[in-house]
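Accompanying notes for the structure given below.
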Amino acid sequence: MFLINDTTLRDGEQAAYVAFNTKEKIKIAQKLFKVGADELEVGIPAMGRKEQEDIKEIISLNLPTRIMSWNRATLKDLEASLKCNLKAVDLSIPVSDILIDVKFKGDKNRLLKQLEEVIIQAKKENLFVCIGGEDSSRANLSFLKEVMQLGNSLGANRFRYCDTVGILTPHTTYENIKNLVDLNLLDIEMHTHNDFGMATANTISGFEAGAKSANTTVIGLGERAGNASFEQVLMSLKTLLKKDVHINSKDLKDLITTVSKASNRRIDTNLPIIGKNIFSHESGIHVNAMIKSNLCYEPFSPIDVGLKRDYPIGKHSGTSTLIYHLKSLGIEANKDVLQKLLPIVRQIVTKRKKVLQNNELRELYLCLLDI
Ligand SMILES: CC(=O)SCCNC(=O)CCNC(=O)[C@H](O)C(C)(C)COP(=O)(O)OP(=O)(O)OC[C@H]1O[C@@H](n2cnc3c(N)ncnc32)[C@H](O)[C@@H]1OP(=O)(O)O
Ligand SMILES: O=C(O)CCC(=O)C(=O)O
Numbered sequence: 021m022f023l024i025n026d027t028t029l030r031d032g033e034q035a036a037y038v039a040f041n042t043k044e045k046i047k048i049a050q051k052l053f054k055v056g057a058d059e060l061e062v063g064i065p066a067m068g069r070k071e072q073e074d075i076k077e078i079i080s081l082n083l084p085t086r087i088m089s090w091n092r093a094t095l096k097d098l099e100a101s102l103k104c105n106l107k108a109v110d111l112s113i114p115v116s117d118i119l120i121d122v123k124f125k126g127d128k129n130r131l132l133k134q135l136e137e138v139i140i141q142a143k144k145e146n147l148f149v150c151i152g153g154e155d156s157s158r159a160n161l162s163f164l165k166e167v168m169q170l171g172n173s174l175g176a177n178r179f180r181y182c183d184t185v186g187i188l189t190p191h192t193t194y195e196n197i198k199n200l201v202d203l204n205l206l207d208i209e210m211h212t213h214n215d216f217g218m219a220t221a222n223t224i225s226g227f228e229a230g231a232k233s234a235n236t237t238v239i240g241l242g243e244r245a246g247n248a249s250f251e252q253v254l255m256s257l258k259t260l261l262k263k264d265v266h267i268n269s270k271d272l273k274d275l276i277t278t279v280s281k282a283s284n285r286r287i288d289t290n291l292p293i294i295g296k297n298i299f300s301h302e303s304g305i306h307v308n309a310m311i312k313s314n315l316c317y318e319p320f321s322p323i324d325v326g327l328k329r330d331y332p333i334g335k336h337s338g339t340s341t342l343i344y345h346l347k348s349l350g351i352e353a354n355k356d357v358l359q360k361l362l363p364i365v366r367q368i369v370t371k372r373k374k375v376l377q378n379n380e381l382r383e384l385y386l387c388l389l390d391i
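Start counting the sequence shown at 21; every next residue gets the next number (our numbering).
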């Protein structure tokens with residue numbers, strides 16, 4: 021079982037220039053649940069009263085899903101989470117020397133003592149505890165092992181492996197996660213960043229190596245270049261790893277639109293899974309094959325994600341595209357005329373940087389036919 025713990029409302033909102041209001045957070049939480057997130061990380065109670073009120077509002081929705089908060093591994097942050105009536109917490113602690121030097125003056129013993137104290141308190145309160153290993157990908161394996169051993173001995177439930185600055189490749193991810201999984205100490209959760217465009221790939225690699233859950237964010241929102249995207253991970257689980265994931269395409273579209281509006285981020289037309297043009301086939305050779313079988317140049321059906329397939333008439337079109345469109349207008353096209361038409365289409369499209377519409381194609385075709 022692979023779980024998606026979506027953190028759009030925590031790490032997603034940490035993206036610079038993004039701020040959700042209460043209404044937006046509630047809408048996003050509801051839609052995330054509807055589309056298939058298994059758990060939600062919904063905020064940082066230590067931020068104060070307003071954040072705590074928002075978290076309580078989300079909890080009061082009574083979604084049958086685990087609702088988690090992000091906390092520094094401090095008693096004060098934990099107290100703020102308890103005030104919200106949360107039943108699950110992520111207790112974050114830096115684990116790389118770089119961050120331990122800055123945040124704990126290099127004192128690993130103090131760090132471990134503090135983590136221990138906070139886990140003990142959280143377990144006393146019967147909370148589900150995930151240890152957030154900040155900067156795990158730059159940490160020593162031996163220290164990660166120490167942290168996980170401590171967590172295991174205190175009854176923590178999970179270790180979140182964070183590629184905080186997004187420096188892993190799928191290969192290194194696999195090796196690192198396999199090493200930790202083989203220790204058999206705590207379930208691993210992936211938390212990957214997209215600084216080199218590998219966040220989703222690294223999350224999937226983590227799953228392949230034995231991780232049980234992953235943090236995602238809708239449209240990959242998050243710190244700097246963002247996180248592993250919810251929709252990419254979800255579709256990869258379904259399509260590539262053949263997991264039993266049901267996606268209602270209308271709900272997915274709704275969710276994407278909501279997050280896009282709330283974050284003021286437009287969706288690029290070629291964004292994987294959801295970009296408006298990802299099922300637009302222009303190249304002649306592709307269209308020729310697609311007309312014979314849709315399997316040729318699509319890894320999944322546009323219907324799965326609420327998109328539509330089209331064959332724009334552009335610079336790279338071949339006669340198959342022209343025949344396809346003319347046929348839809350009731351014209352059985354003459355191949356010789358179409359061969360003459362192709363360079364004209366290319367010239368027009370290149371000059372005005374806009375594809376041809378059906379009616380324009382018809383006019384050009386009929387003109388050429390008359391000559
Ligand atoms: C990698 C990540 O995404 S981590 C999550 C980061 N998210 C955020 O920062 C968003 C929300 N943050 C905030 O609203 C504020 O930063 C608050 C309320 C949490 C804290 O605000 P302030 O009290 O003003 O502290 P400030 O933000 O300046 O500094 C953070 C402090 O936490 C400490 N700290 C950071 N991480 C940890 C940790 N895991 N455990 C313990 N202490 C930590 C820092 O060393 C610093 O301590 P210092 O004040 O002694 O130097
Ligand atoms: O520590 C955690 O739980 C997550 C921290 C984080 O967001 C990161 O390391 O990128």
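The C-beta atom is built at its ideal place from N, Cα and C for all residues, glycine as well.
Checklist line | Own chain residues within Cβ distance below 7 Å of S112, not counting five before or after | finding: Leaving aside the five residues that flank S112 on each side, the residues in its chain whose CB is nearer than 7 Å to its CB run, in chain order, W90, N91, R92, A93, G152 and E154.
Next item on the list: Would you decide whether F250 is buried or exposed? Buried here means 16 or more other CB atoms lie within 10 Å of its CB.
Entry: Around the Cβ of F250, a 10 Å sphere holds 16 or more other Cβ atoms; the residue is buried.
Check: Taking the DSSP output, what are the residues bridged to C150?
Finding: Looking at the DSSP assignment, C150 forms a beta bridge with D110 and R178.
Check: Is V122 buried or exposed, if buried means 16 or more other CB atoms sit within 10 Å of its CB?
Finding: With fewer than 16 other Cβ atoms within 10 Å, it is exposed.
Margin query: Helix, strand or coil for L327? Go by DSSP, reduced to three states.
Written below: The DSSP-derived three-state label of L327 is coil.
Next item on the list: Tell me whether A234 sits in a helix, a strand or coil according to DSSP, three-state version.
Entry: Reduced to three states, the DSSP call for A234 is strand.
Note to self: Pull the bridge partners of I87 from the DSSP assignment, please.
What the structure shows: Answer is L60, bridged to I87.
Item checked: A93 CB to nearest heavy atom of ligand 1 below 8 Å -> Answer for A93: yes, Cβ within range of ligand 1.
Notebook entry, point to check: Which term fits N222, buried or exposed, when burial requires 16 or more other beta carbons within 10 angstroms of its beta carbon?
Noted result: With 16 or more other Cβ atoms inside 10 Å of its own Cβ, N222 counts as buried.
Note to self: Measuring only from the beta carbon, is A159 closer than 8 Å to any heavy atom that is part of ligand 3?
What the structure shows: Only ligand 1 and ligand 2 can be found as ligands here, which leaves ligand 3 out of the picture.
Check: Hey, would you say T405 sits closer than 9 Å to G240, going by beta carbons?
Finding: Nothing in the structure corresponds to residue 405, since the chain is present only between 21 and 391.
Item checked: Beta carbon of K273 nearer than 9 Å to that of I305 -> Contact: no.
Notebook entry, point to check: According to the neighbour-count rule (16 or more other Cβ atoms, all chains shown, within 10 Å of its Cβ), is Q72 buried or exposed?
Noted result: So Q72 counts as buried.
Next item on the list: Hey, could you find the ends of the alpha helix (DSSP H) E209 is sitting in?
Entry: Unbroken run through E209 is the beta strand (DSSP E), D207 to T212; no alpha helix (DSSP H).
Note to self: Ignoring anything shorter than 4 residues, give me the alpha helix (DSSP H) runs that lie fully in the region 258 to 314, in order along the chain.
What the structure shows: Whole alpha helix (DSSP H) segments, 4+ residues: 269 to 283 and 304 to 312.
Check: Is the beta carbon of G226 within less than 8 Å of some heavy atom of ligand 2?
Finding: G226 has its Cβ no nearer than 8 Å to any heavy atom of ligand 2.
Next item on the list: May I ask you to list the residues that DSSP assigns as paired with I139?
Entry: Beta-bridge partners of I139 (DSSP): none assigned.
Next item on the list: With hydrogens ignored, establish whether the beta-carbon of T28 is closer than 8 Å to any heavy atom of ligand 2.
Entry: Because no heavy atom of ligand 2 lies under 8 Å away, the Cβ of T28 does not count as near it: no.
Check: Going by C-alpha distance, which of S233, G350 and H213 is nearest A245?
Finding: Distance check between A245 and each of S233, G350 and H213 places H213 closest, using alpha-carbon atoms only.
Check: When the Cα atoms are used, what is the spatial distance from K96 to I298?
Finding: For the pair K96 and I298, the Cα-to-Cα distance works out to about 47 Å.
Item checked: For L188 and V238, believed in contact at Cβ under 8 Å, the rounded distance -> Rounded, the Cβ-Cβ distance is 22 Å, inconsistent with contact.
Notebook entry, point to check: Which one or two residues does DSSP pair with D183 in a beta bridge?
Noted result: Per DSSP, T212.
Notebook entry, point to check: Within 8 Å: the Cβ of D155 and any heavy atom of ligand 2?
Noted result: At least one heavy atom of ligand 2 lies closer than 8 Å to the C-beta of D155.
Note to self: Would you say the beta carbon of D215 is closer than 8 Å to some non-hydrogen atom of ligand 1?
What the structure shows: In this structure, the C-beta of D215 stays at least 8 Å away from each heavy atom of ligand 1.
Margin query: In the DSSP output, which residue or residues are listed as bridge partners for R382?
Written below: Partner residues in a beta bridge of R382, as assigned by DSSP, do not exist.
Margin query: Using only the alpha-carbon positions, how far apart do L376 and Y37 sit?
Written below: So the alpha carbons of these two residues sit roughly 38 Å apart.
Next item on the list: Tell me, to the nearest whole angstrom, how far the beta carbon of Y331 is from that of Y317; I am working on the premise that it is less than 8 Å.
Entry: With a beta-carbon spacing of about 11 Å, Y331 and Y317 fall beyond the 8 Å limit used to define contacts.
Item checked: Cut-off 8 Å between Cβ atoms - residues of its own chain near K51, not counting five sequence neighbours on either side -> Within the same chain, K51 has close Cβ partners D271, D274, L275 and T278.
Item checked: Residues near L119 in its chain [Cβ-Cβ closer than 7 Å; skip 5 each side] -> Once the five neighbours on either side are set aside, the close Cβ partners of L119 are E154 and D155.
Check: How about the region 281 to 293 and the region 228 to 236: do they share at least three Cβ pairs that are nearer than 8 Å?
Finding: Touching, no, given that fewer than three Cβ pairs across the two stretches are closer than 8 Å.
Checklist line | Between the CA atoms of L362 and R329 - distance to the nearest angstrom | finding: Whole-angstrom Cα-Cα distance: 22 Å.
Next item on the list: Provide the residue span of the beta strand (DSSP E) that contains I24, from first to last.
Entry: In the DSSP annotation of this structure, the continuous segment of the beta strand (DSSP E) that includes I24 starts and ends at L23 to D26.
Next item on the list: Give every residue of the same chain whose Cβ lies closer than 7 Å to the Cβ of F148, excluding the five residues on either side of it in the sequence, and list them in chain order.
Entry: Only R86, K107, A108 and N177 meet the Cβ criterion.
Check: Are there 16 or more other CB atoms within 10 angstroms of the CB of H301, so buried, or fewer, so exposed?
Finding: The residue in question, H301, is buried, as its Cβ has 16 or more Cβ neighbours within 10 Å.
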